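Below is one structure, written out as structure tokens; comments come after it.
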Amino acid sequence: MRAARALVNWSVRDLSERSGVHRNTITNFETGKSGGDPDTLAKLQRALEAAGVEFIPENGSGAGVRLAKPKSPGVVPVGG
Numbered sequence: 001m002r003a004a005r006a007l008v009n010w011s012v013r014d015l016s017e018r019s020g021v022h023r024n025t026i027t028n029f030e031t032g033k034s035g036g037d038p039d040t041l042a043k044l045q046r047a048l049e050a051a052g053v054e055f056i057p058e059n060g061s062g063a064g065v066r067l068a069k070p071k072s073p074g075v076v077p078v079g080g
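If you're matching positions, the sequence shown starts at 1 in UniProt numbering and goes up one per residue.
Dropping the structure here:
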């Protein structure tokens, strides 16, 4: 979660305001004091995804985050 926040330059407070999740809950998750409730984690993920963060599933080399590529308006895929 900390890496995802860093990508969009958000503080814990920013993520809290955008997700509706209390700051202490976010801090406890990031420091490993709490595993995180699935509904709470979903709120955090949705807020970060809305800001352009893409969550990469674990595929043998580990899970991660990156900024999603912006979609170019008006670009038609080849063959489409």
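We treat Cβ as the ideally placed atom computed from N, Cα and C, and that holds for glycine.
None of the values given here were measured: they were computed from a predicted structure.
Query: Outcome for Ile56 when other beta-carbon atoms lying within 10 angstroms are tallied against a minimum of 16; Result: exposed
Query: The beta strand (DSSP E) enclosing Val65, as first and last residue numbers; Result: Gly64 to Leu67
Query: Cα-Cα separation between Gly80 and Pro38, rounded to whole angstroms; Result: At Gly80, the pLDDT of 47 sits below 50, so the modelled position is not reliable; the number obtained from the coordinates is stated separately. About 38 Å.
Query: Ala4, buried or exposed, once every other Cβ within 10 Å from all chains shown has been counted against 16; Result: buried
Query: Ser16 to Arg66 span [Cα, whole Å]; Result: 20 Å
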